[in-house]
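Worksheet: the structure to be examined is printed underneath.
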DNA sequence: CACAGATGATAACTATACATATCAATCGCA
DNA sequence: TGCGATTGATATGTATAGTTATCATCTGTG
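Protein chains in written order, with our numbering: chain A, 1 to 134; chain B, 1001 to 1134.
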């Protein structure tokens, strides 16, 4: 059952992420890191654009950014061009946290598929991406 | 990034499930169906055993079964052998709903990986299962 | 330029998902 | 057999994840 297998992969992936972050003494969830990464790559993006970029719901991202804000990792300012929009950028603390965590995340991303060989991992990711193109 | 790809697959899988259930006029989430399936296959199992069988947290399953109870699909009775445990079984309505939904779920499970060929799907599931064995 | 419709954000609500704490009941071992 | 450890379930709290409704603001068309 594809759905069940995918759910369990996601569950495992989330747990690996949480465990490694805890070991590293960092309080960040997978979604929070994805958002941090997107904000860093595209500073000054509004929340809706960040959500679209990492394939999340706008309403969900609102809460995620709220928590990043509380941790002091990002700033949220009303946009000059559109007063409905809130423009988000990394703070110095956010930048430092990102730099510190990045190597941990890189290792962890590899370890999620540690049951597979290099070649199998490549095939798996290739097929997963193909399935997602739908 | 494996974690991100897996998350998006899960997201897609969940959305396909929700859409098909809605089309079929049924109010069941993926987790609720998984629980219904497990309860049907193993009638009289307690909640903790159900949770273990489909790889969920005990606390989560409590809520899931609570919702199945409200929909009239399952019954929950205190066990004869262990008064801490609640034994769960399908009601007639639950059995009928299961029979009705099963073909829809079968089609849907196939469609989740509709971007892949038969052979690719086989390889993908094989690799996913191998990764999960870890 | 007015205004209908679109868009950004938030709020409220439902449903996972898991950790932790608590309570009740059972079990195992000394 | 007594009691500490374990186990089943629930409650509480946090974090996603998405829907729908609402409000503020913007934009395009007439």
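Just so you know, even glycine gets a beta-carbon here, dropped at the ideal spot from N, CA and C. It should be emphasised that the depicted structure is a prediction, and the values quoted were computed from it without experimental measurement.
Please report the straight-line C-alpha distance between residue i and residue j, rounded to a whole angstrom.
i: residue 57 (chain A); j: residue 1082 (chain B); result: 44 Å
i: residue 1004 (chain B); j: residue 1110 (chain B); result: 22 Å
i: residue 1134 (chain B); j: residue 16 (chain A); result: 12 Å
i: residue 1023 (chain B); j: residue 1032 (chain B); result: 17 Å
i: residue 131 (chain A); j: residue 1116 (chain B); result: 6 Å
i: residue 118 (chain A); j: residue 1127 (chain B); result: 12 Å
i: residue 1 (chain A); j: residue 59 (chain A); result: 30 Å
i: residue 124 (chain A); j: residue 1011 (chain B); result: 17 Å
i: residue 63 (chain A); j: residue 92 (chain A); result: 21 Å
i: residue 1006 (chain B); j: residue 1129 (chain B); result: 13 Å
i: residue 1025 (chain B); j: residue 25 (chain A); result: 46 Å
Can you list, in chain order, the residues of its chain whose CB lies under 7 Å from that of residue i, leaving out five sequence neighbours each side?
i: residue 1061 (chain B); result: 1035, 1047, 1050 and 1051
i: residue 1085 (chain B); result: 1046 and 1079
i: residue 76 (chain A); result: 65, 69, 86 and 88
i: residue 20 (chain A); result: 104 and 108
i: residue 1030 (chain B); result: 1014 and 1017
Under the three-state reduction of DSSP, which class applies to residue i: helix, strand or coil?
i: residue 46 (chain A); result: strand
i: residue 14 (chain A); result: helix
i: residue 1068 (chain B); result: helix
i: residue 1076 (chain B); result: strand
i: residue 1056 (chain B); result: coil
i: residue 1113 (chain B); result: coil
i: residue 1106 (chain B); result: helix
i: residue 1094 (chain B); result: helix
i: residue 21 (chain A); result: helix
i: residue 1008 (chain B); result: helix
i: residue 100 (chain A); result: helix
So, at 6 Å on beta carbons, what are the nonlocal neighbours of residue i in its own chain, with the 5 sequence-adjacent residues on each side left out?
i: residue 1121 (chain B); result: 1113
i: residue 43 (chain A); result: 89
i: residue 53 (chain A); result: 38
Kindly indicate which residue of the options has the alpha-carbon position closest to the one of residue i.
i: residue 74 (chain A); options: A:4, A:38, A:59 and A:107; result: A:38
i: residue 98 (chain A); options: A:131, A:130, A:72 and A:115; result: A:72
i: residue 101 (chain A); options: A:8, A:18, A:11 and A:6; result: A:18
i: residue 13 (chain A); options: A:118, A:1 and A:105; result: A:105
i: residue 8 (chain A); options: B:1103, B:1055 and B:1126; result: B:1055
i: residue 1027 (chain B); options: B:1125, B:1067, B:1053 and B:1059; result: B:1067
I need the boundaries of the beta strand (DSSP E) containing residue i, first residue and last residue.
i: residue 1090 (chain B); result: 1086–1090
Can you tell me where the alpha helix (DSSP H) holding residue i begins and where it ends?
i: residue 39 (chain A); result: 30–41
i: residue 128 (chain A); result: 118–132
Closer than 8 Å by C-beta to residue i: which residues in its own chain qualify, once you throw out the five before and the five after it? Chain order, please.
i: residue 1040 (chain B); result: 1090, 1094, 1095 and 1098
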